[in-house]
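Here the sequence shown is numbered in this note's numbering, starting from 61 and rising by one per residue. Written below as structure tokens is the structure these notes are about.
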Amino acid sequence: MKLYNLLFFLIFFNFIFSNLAFAQEVFDTRLIPPSTEIDLLKKKEDVSYISQLISAPTDIKGQNYSTPISPDQLISNYCVTTGSTVFFKESTLNNMTSSVWTQLKFPSEKWRSSVFVSYLKSFQKSFLDKNLPNAYYSINHNILLEDLKSTSDYEITNTINQSVKILKQNYEISGIYLSRFNHLIEIDKNSKNDYLSKFSGFLVGNYLCSELVFSEEDKSSCSKALSWIISSSTPTEKQIIFHRLWKKLLNEPRIIEVYTKLAIKILSRIQKKDTNTAFWFDDIYSSFKSIGYPNDVSDQMTWDTIVLLTSGGGNTYRKLAALGVGNIYLEHLLFILSNGPLVLDAIAQQQNIPNLYSYPKELNISCDTGKPYTFWSSAYFSKELKKASYSSIQAISATYSVQKIYQFGFNDGGRDSSLPFKVDQFDNYNNRIRQDLVMASIGSYYGATSNLNLSKQEFENIFRNLFSQSNSIPLNPSEETVSIKNPIAAFQKYQKWSKLFAPNSSISLMKEKIN
Numbered sequence: 061m062k063l064y065n066l067l068f069f070l071i072f073f074n075f076i077f078s079n080l081a082f083a084q085e086v087f088d089t090r091l092i093p094p095s096t097e098i099d100l101l102k103k104k105e106d107v108s109y110i111s112q113l114i115s116a117p118t119d120i121k122g123q124n125y126s127t128p129i130s131p132d133q134l135i136s137n138y139c140v141t142t143g144s145t146v147f148f149k150e151s152t153l154n155n156m157t158s159s160v161w162t163q164l165k166f167p168s169e170k171w172r173s174s175v176f177v178s179y180l181k182s183f184q185k186s187f188l189d190k191n192l193p194n195a196y197y198s199i200n201h202n203i204l205l206e207d208l209k210s211t212s213d214y215e216i217t218n219t220i221n222q223s224v225k226i227l228k229q230n231y232e233i234s235g236i237y238l239s240r241f242n243h244l245i246e247i248d249k250n251s252k253n254d255y256l257s258k259f260s261g262f263l264v265g266n267y268l269c270s271e272l273v274f275s276e277e278d279k280s281s282c283s284k285a286l287s288w289i290i291s292s293s294t295p296t297e298k299q300i301i302f303h304r305l306w307k308k309l310l311n312e313p314r315i316i317e318v319y320t321k322l323a324i325k326i327l328s329r330i331q332k333k334d335t336n337t338a339f340w341f342d343d344i345y346s347s348f349k350s351i352g353y354p355n356d357v358s359d360q361m362t363w364d365t366i367v368l369l370t371s372g373g374g375n376t377y378r379k380l381a382a383l384g385v386g387n388i389y390l391e392h393l394l395f396i397l398s399n400g401p402l403v404l405d406a407i408a409q410q411q412n413i414p415n416l417y418s419y420p421k422e423l424n425i426s427c428d429t430g431k432p433y434t435f436w437s438s439a440y441f442s443k444e445l446k447k448a449s450y451s452s453i454q455a456i457s458a459t460y461s462v463q464k465i466y467q468f469g470f471n472d473g474g475r476d477s478s479l480p481f482k483v484d485q486f487d488n489y490n491n492r493i494r495q496d497l498v499m500a501s502i503g504s505y506y507g508a509t510s511n512l513n514l515s516k517q518e519f520e521n522i523f524r525n526l527f528s529q530s531n532s533i534p535l536n537p538s539e540e541t542v543s544i545k546n547p548i549a550a551f552q553k554y555q556k557w558s559k560l561f562a563p564n565s566s567i568s569l570m571k572e573k574i575n
């Protein structure tokens, strides 16, 4: 490999890492380890578990927690352990503000349902107090703990019924303040520097694409496609992406009507714990069909809706307030549409249902990471690239390469690109990265390949293969984060990272399946 390729590898990585946003994760970077003596799978112990973490003594806050996967371990249980551990290590549980996304990431039906209900109560209070514009608030953790202790099926039912009533009776206020919506979207859209992201994407893509494709034509096309993805997913000053979709989907009364029906359907499923044959994509699609959209339009609207709802994780609803569009009805709506599916995923796991609500019915995915956007963002970009006449392999390679950039070097929202080199090979921080890579590889193929099916065994093979290909690396407690200050060192760091995570092993199994 020529020296200039090595130099180009990460010349503008700092720009990408500080701006690339598949979702806006909000964490504190302090580590709060879990107590390994508490069984995370026992719902009744959630409250005492959280209480212990809040009051954890200072001398144990720097500990790490490692979980290798055993051959006989259920992947669903493994993901619960990993997800809850990383949640507690990255979250601040004793401050007065909270990120709904991080709270809902904990894969427990009790936890997710209680947090979901707490937020619904806050929305309802805003309606009662006539606080309609800019309901941009946070939940006190003490309230959450009380809800975890006290939330019953009756209270969940009562709170959900109240939200349904609000959705049915307050539809007319959805148009309030939206006259400023297009103007504010355009102003925010112009606060992004596309030139730098495209240039940096091309340079980085020149190397990363060469790991997955071999012909010069494929490398060139993959690199251009990767640059387009980075440009599309670079947030603006208000941390907004996909401006076109915000304007398309939230400025049309007919679509708001679809979303209102969809939100009521999701609330009903949570109340009845109805997840056996339910899927997020299908519910959105049927909601568009129910008011007369043709099949092809309903399909595209469904894809657009999912990527919009996952563009900010569980905090997508807050983007309206960030833009300056105060609309409590739409915020309430977006909250239900983006966070309700995570509650249904937890219910499905509790009921031992093999398919999760948030993922397509064709894919038997049993790992509840609490982050379906990792899958859907990859699927969406692959699908859009195929529509733009890229080949399947070019679209898949570009999409997955962007995910590798994100997982390798992102340094915000609780992520630390130096941490994988300081902790155990199977520390749960690293395990979460592996899970994200698996979901991204499957999503990349799903978006670019029509009629993709994935059996439970195939999913488990992909999942376990990435873990089994991992190699230990020498730990370095003084490792620094990825930076443009020394591109050669960054390239060497990426080589170590690739050895530790074997990121291409999951994409290789997907390629074998398609071929």
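No residue lacks a Cβ here, since even glycine has one placed at the ideal position from N, Cα and C.
Beta-carbon within less than 7 Å of residue i's beta-carbon, same chain only, minus the 5 sequence neighbours each way: which residues are those?
i, result
"residue 569", "521, 522, 525"
"residue 244", "383, 384, 385"
"residue 348", "318, 358, 361, 362"
"residue 283", "262, 265, 266, 269"
"residue 512", "422, 505, 506"
"residue 632", "Outside the displayed range of the chain (61 to 575) lies residue 632, so it cannot be described from this structure."
"residue 443", "363, 507, 508"
"residue 572", "none"
"residue 518", "573"
"residue 298", "248, 382, 383"
What residue does the alpha helix (DSSP H) around residue i start on, and which one ends it?
i, result
"residue 501", "488-508"
"residue 432", "432-447"
"residue 525", "516-528"
"residue 454", "452-469"
"residue 213", "213-229"
"residue 314", "313-332"
"residue 348", "340-350"
"residue 177", "169-188"
"residue 129", "Here residue 129 belongs to no alpha helix (DSSP H), and DSSP marks it neither H nor E."
"residue 389", "388-410"
"residue 301", "First-last for residue 301: undefined, no H or E at that position."
"residue 564", "564-574"
"residue 246", "241-249"
"residue 278", "276-292"
"residue 366", "355-369"
Excluding the five sequence neighbours on either side, which residues of its own chain have a C-beta within less than 6 Å of the C-beta of residue i, listed in chain order?
i, result
"residue 366", "436"
"residue 439", "503, 506, 507"
"residue 303", "245, 249"
Compute the distance between the beta-carbons of residue i and residue j, then report whether it is under 8 Å.
i, j, result
"residue 428", "residue 454", "no"
"residue 548", "residue 505", "no"
"residue 426", "residue 516", "yes"
"residue 542", "residue 553", "yes"
"residue 479", "residue 561", "no"
"residue 168", "residue 406", "yes"
"residue 176", "residue 415", "no"
"residue 500", "residue 463", "yes"
"residue 404", "residue 338", "yes"
"residue 461", "residue 188", "no"
"residue 389", "residue 242", "no"
"residue 491", "residue 219", "no"
"residue 184", "residue 247", "no"
"residue 577", "residue 208", "Because the chain spans 61 through 575 in this model, residue 577 falls outside it and cannot be assessed."
"residue 217", "residue 331", "yes"
Going by other Cβ atoms of all chains shown within 10 Å of its Cβ, with 16 needed for buried, is residue i buried or exposed?
i, result
"residue 353", "buried"
"residue 566", "buried"
"residue 157", "Low local confidence applies: a pLDDT of 41 at residue 157 is under 50, so the model's placement there is unreliable, and no value is given."
"residue 467", "buried"
"residue 432", "buried"
"residue 487", "buried"
"residue 495", "buried"
"residue 341", "buried"
"residue 240", "exposed"
"residue 355", "exposed"
"residue 134", "exposed"
"residue 214", "exposed"
"residue 274", "exposed"
"residue 173", "buried"
Who are the Cβ neighbours of residue i in its own chain at under 8 Å, not counting the five residues just before and after it?
i, result
"residue 364", "305, 308, 309"
"residue 411", "333, 335, 336"
"residue 314", "351"
"residue 369", "376, 394, 397, 398"
Margin query: Contact between the stretch 324-339 and the stretch 279-299 is defined here as three or more beta-carbon pairs at a separation below 8 Å; is this criterion met?
Written below: no
Notebook entry, point to check: Is the stretch 444-451 touching the stretch 370-378, taking contact as three or more C-beta pairs under 8 Å?
Noted result: no
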